[in-house]
Each structure stands twice: as structure tokens, then as C-alpha cells.
Amino acid sequence: MTYASYLDFDRETLLDKLCQKLSAKRFQHVLGVEETAKALARHYDYDEDKAGLAALLHDYAKEESDQVFLEAIDRYQLDSDLKNWNNNVWHGLVGRYIISEELGLTDEEILRAIEVHTVGAKDMSCLDKIVYMADYIEPNRNFPCVERARELVYQSLDMAVAYATARTVAHLVDQGFAIYPQTLETYNSFVPYLLKDEIK
Ligand code: GDP
Ligand code: FE
Ligand code: FE
Numbered sequence: 037m038t039y040a041s042y043l044d045f046d047r048e049t050l051l052d053k054l055c056q057k058l059s060a061k062r063f064q065h066v067l068g069v070e071e072t073a074k075a076l077a078r079h080y081d082y083d084e085d086k087a088g089l090a091a092l093l094h095d096y097a098k099e100e101s102d103q104v105f106l107e108a109i110d111r112y113q114l115d116s117d118l119k120n121w122n123n124n125v126w127h128g129l130v131g132r133y134i135i136s137e138e139l140g141l142t143d144e145e146i147l148r149a150i151e152v153h154t155v156g157a158k159d160m161s162c163l164d165k166i167v168y169m170a171d172y173i174e175p176n177r178n179f180p181c182v183e184r185a186r187e188l189v190y191q192s193l194d195m196a197v198a199y200a201t202a203r204t205v206a207h208l209v210d211q212g213f214a215i216y217p218q219t220l221e222t223y224n225s226f227v228p229y230l231l232k233d234e235i236k
């Protein structure tokens, strides 16, 4: 299987499109997420091409304007509460529709992994977890806790998702940002996997 089994074009053509769509820094980030997602897929015996493609596409819509997202929320008749949020939650939850429309991608599992890559979900598939964690730990990431997440992710995807979500929620609280309800659902669902001495 290659990326061309999900799209009408090959990886090189997709890289050209991503390069035009994204800043140089974000382009490097998505390549890092692709590499990391493939490594995780190998480790957890998941389809490497599927994980790599979902990873390569996960931030495709990140640099769209607010106007584009607001129009898409109407056009796809998505929950109108989304309009109260911002690019951070839109680029995945709404981005999946833009990706499907612009690239002709129809694979529901890949679109779902892109949809939940920022906020997670109560129930996450293996692919959802791989993309969520690869986004958090790819080699260009450099923040406190990333090293711990890189260790945990090869022990247990559930423990790693619990850890990353707990850190993200704590970070949002520290910064005084609103937390999207689905992020809290993810936290509540995965918190049983959190090691007791992990968060101090
Ligand atoms: P990126 O797109 O590669 O930068 O990473 P993500 O898609 O994981 O996250 C994008 C941004 O959204 C980050 O700054 C996160 O801290 C932030 N974020 C994650 N969850 C939430 C949430 O529930 N609410 C808000 N306001 N921001 C969030
Ligand atoms: Fe993102
Ligand atoms: Fe990302």
C-alpha cells in the first residue's frame, strides 16, 4: 500500500501541495510527525502507510483563515458552538472537511484521526492515538515533558495519551485558556491510565 491508494496522486505531489500550503516550519513539523507516526505504527503493528499519511495531513488546514473555517462550519452544518472557538480547535475538527474536499480523501479512519488530533476523544482508535502522540513528540518538539512522553509512548499508547492530555490541560489552565469540552472528555476517559506519581 502507498499513499496513492488513498489519494489520486503520490507522496511527492502531496509534499508539493503541503509545501505551498504551509510555512517552512510547519512543513518540517508535519514531516517529523510522519516519521514518528510510521515508527509508532511499526512498533504497534499498525499500517505504516496509513499512519504516515494521516500524520502528513494532520495540520493541512492549520493556516487557513478564520473566515474559511466559519464558512465551512455553516456549509457542513457542524455544531454552531464551534464558532465560539478558534483555529486551535478548528484546524482538526473542521479541517478534516477541508482536506476531504480539496484532496478527495475519503478514508474515514484517516479523516477521524485528523479530526481528533488536537482535542482527542473519549474513544480513540490505534490510528487516532498514533497521530495524537506523534504530533506531541515529533523530533522538532522541544518543551518540558516531551522526553517523558517519548519514553511512555513505547510502553503504552494509553499511558502516553493520558500523560500528554494531562499536560495539555494543565498548560491551558496555567495560561488561562478555555478548554474545549472534548479535551476534558479525553482527559476523563484516559486519566485512569495516568501513573499516580506522574503529575506533581
Ligand atoms: P499543532 O497544530 O501541531 O500546533 O498542535 P495541536 O493541534 O495539538 O494543538 C494546537 C494548539 O491547540 C496547541 O497550542 C494546544 O495547546 C491547543 N489546544 C489543545 N487543546 C485545546 C483546548 O481544549 N482548548 C484550547 N483553547 N486550545 C487547545
Ligand atoms: Fe494541529
Ligand atoms: Fe501538528
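The opening position of the sequence shown corresponds to residue 37 in my numbering, with each subsequent residue numbered one higher. Note that beta-carbon positions come from the ideal geometry of N, C-alpha and C, so glycine has one too.
Taking the straight line between their C-alpha atoms, what separation do you get for residue i and residue j?
i	j	result
Trp121	Ala90	24 Å
Tyr80	Asp164	13 Å
Ser225	Ala73	23 Å
Leu237	Pro180	Residue 237 lies beyond the residue range present for the chain, which begins at 37 and ends at 236; the question has no answer from this structure.
Tyr172	Val182	7 Å
Ser101	Val125	13 Å
Lys232	Leu118	34 Å
Tyr190	Leu76	8 Å
Glu221	His153	14 Å
Tyr229	Tyr223	10 Å
Asp210	Thr219	15 Å
Glu186	Ala198	Checking the sequence, you will find Arg at residue 186 rather than Glu. Arg186 and Ala198: Cα-Cα distance of roughly 13 Å.
Glu174	Gln64	10 Å
Phe105	Thr38	30 Å
Asp46	Asn123	28 Å
Ala157	Arg132	15 Å
Met195	Val66	23 Å
Arg57	Val130	Sequence check: residue 57 is Lys here, not Arg. Roughly 17 Å separates the two Cα atoms.
His94	Gln103	20 Å
Glu234	Asp44	45 Å
Asp83	Leu208	33 Å
Val227	Ala170	19 Å
Gly88	Glu70	5 Å
Asn176	Ala60	13 Å
Glu99	Tyr42	23 Å
Ala149	Tyr168	8 Å
Asp159	Cys55	32 Å
Gly128	Leu50	18 Å
Using the beta-carbon count (16 or more within 10 Å), is residue i buried or exposed?
i	result
Ala237	As displayed, the chain neither begins before 37 nor continues past 236, which places residue 237 out of reach and without an answer.
Asp97	The question names Asp, but residue 97 is Ala in the sequence shown. It is buried - the Cβ of Ala97 has at least 16 other Cβ atoms within 10 Å.
Asp17	For residue 17 there is no data in the structure shown, the boundaries of the chain being 37 and 236.
Glu48	exposed
Gly212	exposed
Glu151	buried
Ala108	buried
Tyr216	buried
Go through the stretch 193–218 residue by residue and report every complete run of the alpha helix (DSSP H) that reaches 4 residues or more, in order.
193–211
Assess, as a yes-or-no matter, whether the stretch 198–208 is touched by the stretch 135–145 under the definition of 3 or more beta carbon pairs within less than 8 Å.
no
Runs of 4 residues minimum, wholly inside the stretch 95–172: which ones carry the alpha helix (DSSP H) assignment?
102–111, 123–129, 131–139, 144–151
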